[in-house]
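> Start counting the sequence shown at 1; every next residue gets the next number (UniProt numbering).
Every residue, glycine too, gets a C-beta built ideally from N, C-alpha and C.
Remember, predicted model here, so these are calculated numbers, not experimental data.
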Amino acid sequence: MPRLEEVANVALRVPSILLLDLLYKCDIDGLTEQLKAKNEDMLFKYKYVIWNMYYIGHLLNVVVLALPLRHIVMLYLHILAALLLYMGHQISKDYVREELRYGYEGAVYLDSLAFNRFVTALTSQIILSTLCAFLMKTRQVWLFSAHMLPLLARLCSVPHAKLLTVNAFSMGLTGSGIVIFLLSNLFVPYRLARAAYLELLQVIELYRLLAMGISLWNQFAVPVLFSVFWFVLFIVQLCSNAMSGNAASAAHQGILFFLLTSVSECCATPYSLLGLTFVVSYLALGLLNLCKFYLGGYAAVQNENVMHRGVTEGVTLLLLALQTGLLDMQALQRTFLLSIILFIVVTSTLQSMIEITDPIILALGASRNRSLWKHFRGLSMCLLLLVFPVFMAYKISLFFHMDFWLLILVSSCMLTSLQITGTMLIYSLFMVELFCSDPIESLDEVIYWVNAVSRVLEFVVALCVVAYGTWESLFGEWSWMGASVIIIHSYFNVWLRGQSGWRSFLLRQEAAKKINSLPKATAQQLQQHNDVCSICFQEMSSAVITYCRHFFHGNCLRKWLYVQDTCPLCHQTVRPSPEDLSEASGDAPAERDDGPEPFAQEEQENQDSSESQECGGTPESW
């Protein structure tokens, strides 16, 4: 039952949003102008009535939309009962017309055709009355049987001339009952509004405004509600375009243009634009989850990342649509602008897919995983992310003339392809090392330079976009929008990107200087040390010695210093050893005949204490 309540909570609120959407599309000004053209007095009489009905319609739909589910169900039950009563009166009206056309005024059971028609109408009326009583949860079926009076009159052989009067009386009787019911429940909306207001005050006092907003958001299922509303609107629009003959023109222009036209016609109001926002968000979430499932299986889908939930794509579409004035454009202009906005959204989704794929494909190479199926899935995803942005850039360049805005779109595709190219090169280096008998000593440097070249190319692309935009603004058409985009692009994609790359380069240079200034351990020191590297847990054939007298592989310590400048074991700041120790380690071969090195003697004398400190190199303590 909870699932049924969730479905009803969404389905029963969708008609209210559809009515709000239709009311927003109504051209009240055009209607008043038509009334003005016909008669000035008519305009004076009906202008304010029309506007009041317009605002009251908005208010009623918003109130219905905000009602609790039980009250919405009750409202729909009353509306359905009213429709059933209307159907009953229509059946009676049609029966009376048929009787007048047939002309037989005798007893109905004496004529087979009249009897069959009477039984059919009576059965329909009994079913409708029973359904109304069932919906209103009462056993007093006679309260909903006023529309059966013409049938009873015909059964009593009332003349045909009186049947129309009886039918009109039955309709008046039903109308009177409805009016009495409405008057008896006249203050129900006030009581509901008052109860909702008191409950709202209580919730605000307990949970504050933000918590109340989150509670209402979850209670009304706003994303699902607007998504269902937009899908209903889109299906109706597709059927309308297909029936109006636009499908034939779509065959010449392409199915993609036909779909884009239908989508653009379904985002002409704030309600439909909000629905499209949630639909795009859900589609992006589904695509990202599909990417996770393809690469890592069901467990990867369960590991949710806040940035990979489709929210970024939906918000991007909404902000771009509001900023560019999408709602105020004509249908064809809205179609082309929406295609550009969707292009940006797809590019953002591809960037999120790269963020998902990059660590997985690099982990496959670095961990030496030999599962061919996993490698195939990772490489196929990389190939898709490499080719698809190029294809998108090629397609959009065919539709639009090259300018600053199109260059930004194409450059985003180029950056996506460059990023995935760098990832595939690093993966290739890992795989080359896997098939080598000995590990590649300078692999870390090669990976760094591959990343550096990739970042430099990204920086150059961003710089070219800024340069082209500046040139176009100075010597072409200048606008505040273009200037603001250039400034934002320059700060985020040029200045911050260059600053980050330069900072990384300086950190590596500083780490390399520290490593080169540290003394190298001799064979005798390594033999006396007799332990593995505390960073990689591998045997040490060569090592460097820190000032705190810990032994590490030079490459391992260099990688560590890229992250932080403290010793991995004792967390003291790593700095070059004193000059005398450096010289002693450098002159160690010449002094070997005179006796043990001072550094080795000191280590031998403090062997017990150093062993307790060196135990930090074991996996458990590290």
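Indicate the three-state DSSP secondary structure (helix, strand or coil) for Ile545 in the structure shown.
strand
> Going by C-alpha distance, which of Ser176, Phe118, Phe187 is nearest Cys156?
With distances taken between Cα atoms, Cys156 lies closest to Phe118.
> Classify Cys267 as buried or exposed, calling it buried when 16 or more other Cβ atoms lie within 10 Å of its own Cβ.
buried
> Looking only at C-alpha atoms, which of Gln499, Thr470, Leu474, Gly498 sits nearest to Ile487?
Out of Gln499, Thr470, Leu474, Gly498, Thr470 has the C-alpha closest to the C-alpha of Ile487.
> I need the straight-line Cα distance from Thr522 to Ser542, nearest angstrom please.
8 Å
> Quick one, are the C-beta atoms of Val390 and Ser417 less than 7 Å apart?
yes
> Using a Cβ-Cβ cut-off of 6 Å (strictly less than) and excluding sequence neighbours within five positions of Leu386, which residues of its own chain qualify?
Ser417, Ile420
> Under DSSP, the alpha helix (DSSP H) around Val96 begins and ends at which residues?
Note, Val96: alpha helix (DSSP H), 69-102.
> State the CB to CB distance for the pair Ala331 and Ser264, rounded to an integer number of angstroms; the pair is presumed to be in contact (CB under 8 Å).
6 Å
> To the nearest angstrom, how far is the alpha carbon of Ser397 from that of Leu384?
20 Å
> Measure the C-alpha to C-alpha separation of Arg592 and Gln524 and round it to an integer number of angstroms.
Because the pLDDT at Arg592 is just 35, under 50, the model does not fix this residue reliably, and the value given afterwards should be weighed accordingly. Roughly 10 Å separates the two Cα atoms.
> Only counting the same chain, and skipping five residues up and downstream in sequence, which positions put a Cβ closer than 7 Å to that of Thr573?
Asp565, Thr566
> Taking DSSP's pairing of strands, which residues face Lys520 in a bridge?
Val544
> Nearest-angstrom Cα distance between Val228 and Tyr54?
25 Å
> First and last residue of the alpha helix (DSSP H) that includes Tyr298?
298-302
> Using only CA atoms, which one of Ala195, Cys533, Lys559, Tyr76 lies nearest to Arg508?
Lys559
> Around the C-beta of Asn61, are 16 or more other C-beta atoms found within 10 angstroms, so that it is buried, or is it exposed?
buried
> Quick one, which of Ala161, Ser124, Glu6, Cys556 has its alpha-carbon nearest residue 649's?
Limits of the chain in this structure are 1 at one end and 622 at the other, which puts residue 649 out of reach.
> Between Ile447 and Ile426, is the Cβ-Cβ spacing less than 7 Å?
Against a cut-off of 7 Å, the Cβ pair of Ile426 and Ile447 comes out as a contact.
> Are there 16 or more other CB atoms within 10 angstroms of the CB of His401, so buried, or fewer, so exposed?
exposed
> Tell me, which residues are paired with Phe551 by DSSP?
Ile545
> Determine the closest residue to Ile356 out of Phe234, Ser428, Lys395, Leu287, with distance taken between C-alpha atoms.
Ile356 has its Cα closest to that of Leu287, out of Phe234, Ser428, Lys395, Leu287.
> Using 10 angstroms around the beta-carbon of Ser262, count the other beta-carbons present and answer buried if the total reaches 16, otherwise exposed.
The residue is buried, with at least 16 neighbouring Cβ atoms inside 10 Å.
> Kindly indicate which three-state DSSP category Thr421 falls into: helix, strand or coil?
helix
> Give me the residue from Leu233, Cys132, Glu99 with the minimum Cα distance to Val14.
Leu233
> Assuming the contact rule is C-beta atoms closer than 8 Å, Ile214 and Gly296 should be a hit. Round their C-beta distance to whole Å, please.
Not a contact, Cβ separation roughly 31 Å.
> I believe Leu225 touches Thr277 by the beta-carbon criterion, under 8 Å. Please report the beta-carbon distance rounded to the nearest angstrom.
The Cβ separation is near 13 Å, so there is no contact.
> Considering only DSSP beta bridges, list what Thr261 is partnered with.
DSSP lists no beta-bridge partner residue for Thr261.
> So Ser272 packs on Trp230, CB below 8 Å; how close in whole Å?
6 Å
> Under a three-way DSSP split, which group does Thr566 fall into?
strand
> What does DSSP give as the partner residue(s) for Thr573 in the beta ladder?
Thr566
> Shortest alpha-carbon distance to Glu6 belongs to which of Pro68, Trp51, Asn451?
Pro68
> Quick check on the burial criterion: 16 or more other C-beta atoms within 10 angstroms. Buried or exposed for Asp580?
At Asp580 the pLDDT is 38, less than 50, meaning the model places this residue with poor confidence; the figure from the coordinates comes in the next sentence. By the 10 Å Cβ count, Asp580 comes out exposed.
> Considering Cα atoms alone, identify which of Leu496, Phe475, Cys291, Phe181 is closest to Leu463.
Leu496
> Looking at the unbroken alpha helix (DSSP H) that takes in Lys374, where does it start and where does it end?
372-399
> Which whole-angstrom value is the C-beta distance of Val108 and Arg139, which I expect to be below 8 Å?
Between Arg139 and Val108 the Cβ distance is about 29 Å, and since that is not below 8 Å, they are no contact.
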